[in-house]
Structures are given as structure tokens and as C-alpha cells.
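In the numbering used here, the protein residues as written are 70 to 362.
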């Protein structure tokens with residue numbers, strides 16, 4: 070995720086995956102519509118969407134919807150408010166040159182989002198402020214029991230219950246989802262779909278046609294400073310036959326993401342692109358698709 074002040078905060082784009090499918094849907098298994106609000110960490114620019122969430126009947130938390138993260142992650146401060154007990158230590162992986170951030174995993178009895186209720190939910194707790202003007206993040210995989218349709222323009226998250234024929238166990242060990250994108254008409258690569266990243270980025274170690282490097286930028290990640298980040302000239306992206314122009318992409322070193330996933334990650338589709346499309350996530354099939362507005 071990004072906080073732009075010209076200092077930017079690149080936060081939890083890559084939380085280490087865990088068994089976040091442990092929670093169960095306690096309300097009726099049916100379709101749901103969840104109203105979202107816009108995340109504006111600097112007070113002006115929209116950089117994502119926020120889900121209203123209650124943990125164990127507490128106050129409504131503002132959690133940034135982040136398809137680059139897994140499950141629910143909150144700060145120590147919020148965990149203390151909830152009197153959340155910790156069970157095991159864990160490590161949180163994100164951008165930056167520092168060490169992995171140490172956190173803890175605890176459980177809450179209930180997570181309530183509108184009319185939707187989950188029970189026996191694991192929660193990550195970290196000391197870092199993950200998202201300015203928000204209480205934490207919630208990964209789209211938290212809703213993996215449903216087909217998930219994100220409509221940023223309509224500020225709505227639609228959850229569609231699978232039919233009995235469609236239902237079945239999830240066998241995925243990785244919460245990250247990728248799409249193929251063509252850059253400037255001829256270079257193709259796999260892009261991580263990350264609703265929690267404010268900007269769209271290209272891998273700095275790959276050669277992109279007509280993607281001229283510009284000024285450097287100051288990025289701070291959850292694991293420290295992010296080196297060699299630069300603005301790029303506008304690029305055209307084509308995804309599943311749909312074209313979109315990203316006017317201010319960023320070049321980032323994505324080698325660590327590629328290593329962790331065993332593939333070459335060409336870039337990250339952030340909110341700057343996804344806010345102009347609809348996005349459908351299907352964690353049972355391990356698929357993600359963009360739609361035209």
C-alpha cells in the first residue's frame with residue numbers, strides 16, 4: 070500500500086501467506102453487498118477502498134481492502150483496544166531494505182461486516198502503522214468462500230455464493246493472483262493484482278519499450294526504504310483485450326516477489342488502474358479478471 074506525501078509508504082503488498090481459511094461463515098450463505106468508502110490517506114487523492122469491520126462487537130474499524138495481503142492485519146494499538154490475546158509469533162514480509170517485521174497471530178470470536186458474519190477468525194497484529202487514516206488491512210482472500218466482485222466506482226463489494234456444484238475445498242496455498250498484461254503493444258508479462266497499492270508499477274530489471282525512466286521517488290515500505298524507485302513515462306496496458314493508460318507508473322525492484330512466487334513478476338496493477346475497472350476474484354479457481362466500466 071502507498072502513502073503519498075512525497076514520501077510514500079509502500080506497506081503490506083506481500084504479507085506472508087498463512088492458513089487464513091480457518092474462519093467460517095456464520096450468517097446465511099447467500100449473496101451479500103458491502104458498501105465501501107474511499108481511502109484517502111493524504112486527505113485528497115483516492116488510493117484505495119475501505120471496508121467497515123467489527124471485531125468481537127467492538128467499534129467499526131476501517132480496513133483497507135488489499136488483494137496483496139492475506140486475512141486481517143491490525144496494529145498493536147487496535148489490538149489493545151480489543152484486548153486481543155496473541156498466540157504465535159509470525160513474520161510480515163513487505164517492500165523495503167530492512168528486516169521482516171515481527172508480528173503475532175491471535176483469534177477473535179466474530180468478524181461482522183454489514184449482515185455478513187464470520188466466526189473463529191485469525192488476526193495478525195503488527196507494531197507498524199500499516200495504513201494512514203485506517204485501522205489496518207483486509208485481504209480479498211478473507212472472502213474466499215464467495216466469488217468477489219469489486220466495483221470501485223460504485224463503492225461496492227459484491228459477494229456471490231457458489232452453488233453446490235461450484236463449491237468445494239480451496240487448495241490454494243498462495244493468496245496472490247496474477248494477470249497477463251501487454252505493455253505498450255508488444256512486451257507481455259505477469260502482473261500482480263493489488264488493490265492495496267495506490268500506484269501501478271513495472272519491474273525495474275525488465276526492459277520495457279518506450280517506458281522512459283524519470284525522477285526518483287522516496288518510498289518507505291513496511292520493511293524500510295525502497296531503493297531505486299523511479300517514475301516512468303505513461304504506458305499503455307492491455308489486459309484480456311481491455312486497454313488502459315497508466316499516466317504515472319513507477320519502476321520498482323520486484324525481484325524478491327518473483328523469487329518468493331517462483332515466477333517472473335513483470336509489474337503490479339494498483340488502485341490507479343483498478344479504480345477504472347471492475348475486478349472479479351475467484352479463489353476457488355485461483356483466477357482474477359478485470360471488466361470494463
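Glycine included, every Cβ here is placed at the ideal spot set by N, Cα and C. Quick caveat, the model's predicted, so the values are computed rather than measured.
Does the distance from the C-beta atom of residue 214 to that of residue 94 stay below 7 Å? For the purposes of this step, residue 214 is taken as residue 145 along the chain shown, with counting starting at 1. For the purposes of this step, residue 94 is taken as residue 25 along the chain shown, with counting starting at 1. Closer than 7 Å, so yes.
Might you give, ordered along the chain, the residues of its own chain that have their beta carbon closer than 8 Å to the beta carbon of residue 106, omitting 5 neighbours on each side? In the chain shown, the residue the question calls residue 106 occupies position 37. Apart from sequence neighbours up to five positions away, the residues of its chain that approach residue 106 with a beta-carbon distance below 8 Å are 118, 119, 121, 131, 224, ordered along the chain.
Alpha carbon to alpha carbon, what distance is there between residue 219 and residue 116? Here residue 116 corresponds to residue number 47 of the chain shown, with the count starting at 1. Here residue 219 corresponds to residue number 150 of the chain shown, with the count starting at 1. Taking the straight line from one Cα to the other gives about 15 Å.
Can you tell me whether residue 274 is buried or exposed, with buried defined as 16 or more other CB within 10 angstroms of its CB? The residue labelled residue 274 in the question sits at position 205 within the chain shown. Under this definition residue 274 is an exposed residue.
For residue 205 and residue 337, I'd like the C-alpha separation in whole angstroms. For the purposes of this step, residue 205 is identified with residue 136 of the chain shown, where counting begins at 1. For the purposes of this step, residue 337 is identified with residue 268 of the chain shown, where counting begins at 1. Rounded to whole angstroms, residue 205 to residue 337 spans 21 Å at the Cα level.
Are residue 137 and residue 258 touching if we call contact CB-CB under 7 Å? By one-based count along the chain shown, residue 137 stands at place 68. By one-based count along the chain shown, residue 258 stands at place 189. The answer is no: Cβ separation not under 7 Å.
Quick check on residue 263: buried or exposed, where buried means 16 or more other Cβ atoms within 10 Å of its Cβ? Locating residue 263 in the chain shown gives position 194, counting from the first residue. Here residue 263 is buried: its Cβ has 16 or more other Cβ atoms, across all protein chains shown, within 10 Å.
When you compare only the Cα positions, how much space is there between residue 221 and residue 180? Here residue 221 corresponds to residue number 152 of the chain shown, with the count starting at 1. Here residue 180 corresponds to residue number 111 of the chain shown, with the count starting at 1. Residue 221 and residue 180: Cα-Cα distance of roughly 23 Å.
As assigned by DSSP and simplified to three states, the class of residue 355: In the chain shown, counting from the first residue as 1, residue 355 sits at position 286. Looking at residue 355 - three-state DSSP - the assignment turns out to be coil, as it is neither helix nor strand.
Mind reading off the beta-carbon distance from residue 341 to residue 267? Whole number of angstroms is fine, and I expect it under 8 Å. Locating residue 341 in the chain shown gives position 272, counting from the first residue. Locating residue 267 in the chain shown gives position 198, counting from the first residue. The Cβ separation is near 7 Å, so the contact holds.
Just list the residues that DSSP pairs residue 30 with in beta bridges. Look at the range of the chain in this structure, 70 to 362, and you will see that residue 30 is not part of it.
Length of the line joining the Cα atoms of residue 113 and residue 202: As a working mapping, residue 113 is identified with position 44 in the chain shown. As a working mapping, residue 202 is identified with position 133 in the chain shown. The alpha-carbon atoms of residue 113 and residue 202 are separated by roughly 12 Å.
Straight-line Cα distance separating residue 349 from residue 308: Along the chain shown, read from residue 1 onward, the residue named residue 308 stands at position 239. Along the chain shown, read from residue 1 onward, the residue named residue 349 stands at position 280. Their Cα atoms are separated by approximately 14 Å.
Note down, in chain order, each residue of its chain lying with its Cβ closer than 7 Å to the Cβ of residue 315, except the 5 sequence neighbours on either side. Within the chain shown, the letter at position 246 stands for residue 315. These residues qualify, in order along the chain: 269, 303, 304, 306, 341, 342.
Taking 7 Å as the cut-off, decide whether the C-beta atoms of residue 364 and residue 319 are in contact. Here the chain comprises residues numbered 70 to 362, so residue 364 is not present and cannot be evaluated.
Per DSSP, what kind of secondary structure is residue 329 in: helix, strand or coil? As a first step, residue 329 is located in the chain shown; it is residue number 260 there, counting from the start. Helix.
Assigned secondary structure, residue 98 (DSSP; H/G/I helix, E/B strand, else coil): Locating residue 98 in the chain shown gives position 29, counting from the first residue. Coil, per DSSP.
If I'm right that residue 196 touches residue 145 with Cβ under 8 Å, what's the distance once you round it to whole angstroms? The count along the chain shown starts at 1 and reaches residue 196 at position 127. The count along the chain shown starts at 1 and reaches residue 145 at position 76. Right, the Cβ-Cβ distance comes to about 5 Å (below 8 Å), so this counts as a contact.
Measure the beta-carbon distance from residue 198 to residue 101 and round it to whole angstroms, keeping in mind my assumption that it falls under 8 Å. Translated into the one-based positions of the chain shown, residue 198 becomes position 129. Translated into the one-based positions of the chain shown, residue 101 becomes position 32. Rounded to whole angstroms, the Cβ separation of residue 198 and residue 101 is 30 Å, and the two are not in contact under 8 Å.
Among the candidates 150, 299, 359, 187, whose CA atom is the shortest distance from the CA of residue 317? Sequence index remark: in the chain shown, residue 317 carries index 248 (1-based). Of 150, 299, 359, 187, the residue nearest in Cα terms is 299.
Mind checking which residues open and close the beta strand (DSSP E) that includes residue 142? To locate residue 142, count along the chain shown from 1; it is residue 73. Where residue 142 is concerned, the enclosing beta strand (DSSP E) starts and stops at 141 to 144.
My assumption, with CB atoms under 8 Å, is that residue 192 sits in contact with residue 172. Please give the rounded CB distance. Counted from its first residue, the chain shown places residue 192 at position 123. Counted from its first residue, the chain shown places residue 172 at position 103. Actually they are not in contact, since the Cβ atoms of residue 192 and residue 172 sit about 10 Å apart, beyond 8 Å.
Distance, residue 226 Cα to residue 151 Cα: For the purposes of this step, residue 151 is taken as residue 82 along the chain shown, with counting starting at 1. For the purposes of this step, residue 226 is taken as residue 157 along the chain shown, with counting starting at 1. Between residue 151 and residue 226, the C-alpha separation is close to 26 Å.
By the three-class DSSP mapping on this structure, what secondary structure does residue 343 have? Along the chain shown, read from residue 1 onward, the residue named residue 343 stands at position 274. Assignment of residue 343 by DSSP, reduced to helix, strand and coil, places it in the helix class.
Does DSSP put residue 348 in a helix, in a strand, or in coil? Within the chain shown, residue 348 is the residue found at index 279, counting from 1. DSSP places residue 348 in strand when its eight states are reduced to three.
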